[in-house]
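Numbering (the UniProt record's numbering), first residue to last: 1 to 382.
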């Protein structure tokens, strides 16, 4: 009995020391962190360009061809546009959102074939009733079972959202796909997340998608594909007797309303984005600003543009997501056995990275290159 009591005391002391180690951090020398980040960037750039040493050239003394400047500026524009699109697409912190479980729904379509157009009709009221208007839509996919074809040619099909507004029917183009000939039946899908998200905000009882060939030419080459659940275009009704599990349907994954508060509050607390972090001096995981001047910080003259860039880096504490109640000695022992070199606490690491375009010289030749994953835009505990 006394031995058992001693073992229990030792276990409590072990867990207490573990909790202390996870909740405290050593003081960080910011200047040392900055120096290490700069040296890492030096090696990163040379490695990405496959250069054994820095080119011995002063780019300021060179005349950059107009073609190189145009290509560099065009690359910058593409990067900025892509970053803007991604910011608009992600409304909540995607990483926190991905952590929580999603509910999965399947809604079968009412099908109709009219003038070479496949119509997929859904009871939108039923969708809103089940998914919930206050839930956070994660993904929506329109799926259909395409039958094998003996036609040896590609067919481009276009998907539209057919909707009613002020008593008028409108058609919005969503996506197109090239359908290649196959010898076996197969599933085909379209991402309709953005459209279904609009359904949840509307009050229409029914919503509809339309799939039609891009070319409506009255020739044998314009032969449509056959989809399970629709009458075949040859005029027979064989396809109508399709199996239940191969009929077209809408697959939706969403986060229930009761979990959304956790997601949004976690996002505010973590503040992983650059906009929040740069004005925040808190201890938690965040993007820290770091501007690299190629001449001053690296002693390089061979990069003509840009003169420097915001490299940034990640730093800060990561809250431990397990409570002490779940940190059983057997679990920790098994984890350490399988991952002897790993930490049991999460680390603050880059989450969103952007490329860096540069104009540089090798000898007297100007080159434009895009270096991937050079700019840290947000951080994540992983």
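The C-beta atom is built at its ideal place from N, Cα and C for all residues, glycine as well.
Own chain, CB closer than 6 Å to residue 48, minus 5 neighbours either side, in chain order: 371
Residues near residue 201 by beta carbon distance below 6 Å, same chain, minus five either side: none
Residue 159, buried or exposed, once every other Cβ within 10 Å from all chains shown has been counted against 16: buried
Residue 148 versus residue 186: straight-line alpha-carbon distance, rounded: 8 Å
Cβ-Cβ separation, residue 117 to residue 211 (assumed contact under 8 Å), whole Å: 7 Å
Nearest neighbour of residue 364, chosen from 348, 56 and 44 [CA to CA]: Measuring from the Cα of residue 364, the nearest candidate turns out to be 56.
Buried versus exposed, by CB contacts within 10 Å (16 or more), residue 80: Exposed: under 16 other Cβ atoms inside 10 Å.
C-alpha gap between residue 61 and residue 83, whole angstroms: 33 Å
Residues bridged to residue 199 [DSSP beta-bridge criterion]: Answer by DSSP bridge pairing: none, since residue 199 is not bridged.
Residues near residue 225 in its chain [Cβ-Cβ closer than 8 Å; skip 5 each side]: 146, 147, 149, 155, 157 and 179
Three-state class that DSSP yields for residue 374 in the structure shown: strand
The region 121-135 touching the region 164-179, judged by at least three CB pairs closer than 8 Å: no
Start and end residues, alpha helix (DSSP H) containing residue 43: 30-48
Buried or exposed (CB count within 10 angstroms, at least 16 for buried), residue 119: buried
Span separating the alpha-carbon of residue 323 from that of residue 285: Only weak support is given to the placement of residue 323: the predicted model assigns it a pLDDT of 43, under 50, and the value that follows is read from those uncertain coordinates. So the two alpha carbons sit approximately 19 Å from each other.
Close beta carbons around residue 67, own chain, < 6 Å, minus the five adjacent residues each side: none
Three-state secondary structure assigned by DSSP to residue 83: helix
C-beta atoms of residue 396 and residue 287 nearer than 8 Å: Residue coverage of the chain in this structure runs from 1 to 382, which leaves residue 396 outside it and unanswerable.
Extent of the continuous beta strand (DSSP E) run through residue 116: According to the DSSP assignment, residue 116 belongs to no beta strand (DSSP E), since it is labelled neither H nor E.
Other residues of its chain near residue 130: CB distance less than 7 Å, five sequence neighbours each side excluded: 105
Contacting residues, own chain, Cβ-Cβ under 7 Å from residue 350 (five flanking each side not counted): 314, 376 and 379
Residue 109 classed as buried or exposed, judged by whether at least 16 other C-beta atoms fall within 10 angstroms: buried
Where the alpha helix (DSSP H) containing residue 130 begins and where it ends: 124-131
For residue 107, the three-state DSSP class (helix, strand or coil): strand
Helix, strand or coil at residue 70 according to DSSP, with G and I counted as helix: helix
Three-way DSSP call (helix, strand, coil) for residue 57 in this model: coil
Residue 75 and residue 357 closer than 8 Å at C-beta: Here residue 75 is near residue 357, since their CB atoms are less than 8 Å apart.
Contacts around residue 42, its chain only, beta-carbon distance under 7 Å, and the 5 residues preceding and following it disregarded: Residues of the same chain with a CB within less than 7 Å of the CB of residue 42, apart from the 5 flanking positions on each side, are 298 in chain order.
Proximal residues to residue 175 (C-beta, below 8 Å), its chain only, five neighbours per side dropped: 158, 159, 190 and 191
Cutoff 7 Å; reference residue 316; Cβ partners in own chain excluding five residues on either side: 283, 284, 285, 286 and 348
For residue 140 and residue 196, the rounded distance between their alpha carbons: 7 Å
Within 8 Å, strictly: CB atoms of residue 161 and residue 209: The answer is yes: Cβ separation under 8 Å.
First and last residue of the uninterrupted beta strand (DSSP E) at residue 146: 136-146
Straight-line Cα distance separating residue 170 from residue 127: 21 Å
Selected residue, minimal CA-CA separation from residue 199, among 214, 36 and 132: 132
Residues bridged to residue 210 [DSSP beta-bridge criterion]: 119 and 160
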